[in-house]
Amino acid sequence: MLKKSNTSGSDSETRSKCLKIRAHHLCCIQGFQGYGYSPVFVANMRAVISDIKAFPSRSLELVSECDVICASCPGKRECTAQESTSSRRIKSMDLVVMEKLKIKEGTVMEADEAFSLVNSQLVNPSDINDVCGTCKWRQKCLWYMQDEE
1 MLKKSNTSGS
11 DSETRSKCLK
21 IRAHHLCCIQ
31 GFQGYGYSPV
41 FVANMRAVIS
51 DIKAFPSRSL
61 ELVSECDVIC
71 ASCPGKRECT
81 AQESTSSRRI
91 KSMDLVVMEK
101 LKIKEGTVME
111 ADEAFSLVNS
121 QLVNPSDIND
131 VCGTCKWRQK
141 CLWYMQDEE
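In terms of UniProt numbering, the sequence shown is residues 1 to 149.
Here it is in structure tokens:
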């Protein structure tokens, strides 16, 4: 689970801004080790993670479409093509997470609540494999590898 960083901040506008996050990215954020599709993607992912750590009560809107993390992905164009194989595969990961968490598309909750829910509901190896089984990063993902312990 993400832990709050030691950075402090009281900017209420930053804290209250709702971030759109793909449901499966709740897992990715926790397992991220600095690998990625490009240096720009990695920098953006680190920035999103730092923001969420600094403001664990930040509202997240859970979706199955491109989000703030996808914004820097070099494959975004392919992913946004609604009929692409990649787009359908990635969206299915989001839908599986939402189904297992018993939430609907567009659900808004605080980040710390969302991570708690993921870590309490996705605990069986079969659940984790249902979500991450086709992910190219699973062998480098700390969240995925926790299942192997």
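Positions of the beta carbon are idealized from the N, C-alpha and C atoms, including for glycine.
Name the DSSP beta bridge partners of L62, please?
Bridge pairing for L62: I21 [DSSP].
Using a threshold of 8 Å, state whether the C-beta atoms of I49 and I21 are closer than that.
Taking 8 Å as the Cβ cut-off, I49 and I21 do not qualify as a contacting pair.
With V131 and C27 assumed to form a contact (beta carbons below 8 Å), what rounded beta-carbon distance in angstroms separates them?
Between V131 and C27 the beta-carbon gap is near 6 Å, inside 8 Å, which marks them as a contact.
Give me the Cα-Cα distance between I103 and A43, rounded to the nearest whole angstrom.
The straight-line gap separating the alpha-carbon atoms of I103 and A43 is approximately 30 Å.
Using 10 angstroms around the beta-carbon of G106, count the other beta-carbons present and answer buried if the total reaches 16, otherwise exposed.
Counting Cβ neighbours within 10 Å, G106 comes out exposed, since fewer than 16 surround it.
Measure from the alpha carbon of V40 to the alpha carbon of each residue in S120, M109, M145, I69, then state which is nearest.
Of the listed residues, the one whose Cα sits closest to V40 is I69.
E110 by DSSP, collapsed to three states: which one?
In the structure shown, E110 sits in a strand (DSSP, three-state: E or B).
State the DSSP-derived secondary structure class of L95, mapped to helix, strand or coil.
Helix at L95.
Less than 8 Å between the CB atoms is what I'm expecting for M93 and L62, so what's the real figure, rounded?
Not really, about 12 Å apart at Cβ, beyond 8 Å.
Do you know offhand how far I52's Cα is from T85's?
Per the coordinates, the alpha-carbon of I52 lies some 30 Å from the alpha-carbon of T85.
Could you tell me whether any Cβ in chain D is nearer than 8 Å to the Cβ of C27?
Absent from the structure is chain D; it holds one protein chain and no more.
Opening and closing residue of the alpha helix (DSSP H) in which F41 lies
Taken as a continuous stretch (DSSP letters only), the alpha helix (DSSP H) holding F41 covers 39-54.
Which residues in the same chain have their Cβ closer than 7 Å to the Cβ of R138, if we skip the five residues on either side of it in sequence?
Result list for R138: C132, Y144, in chain order.
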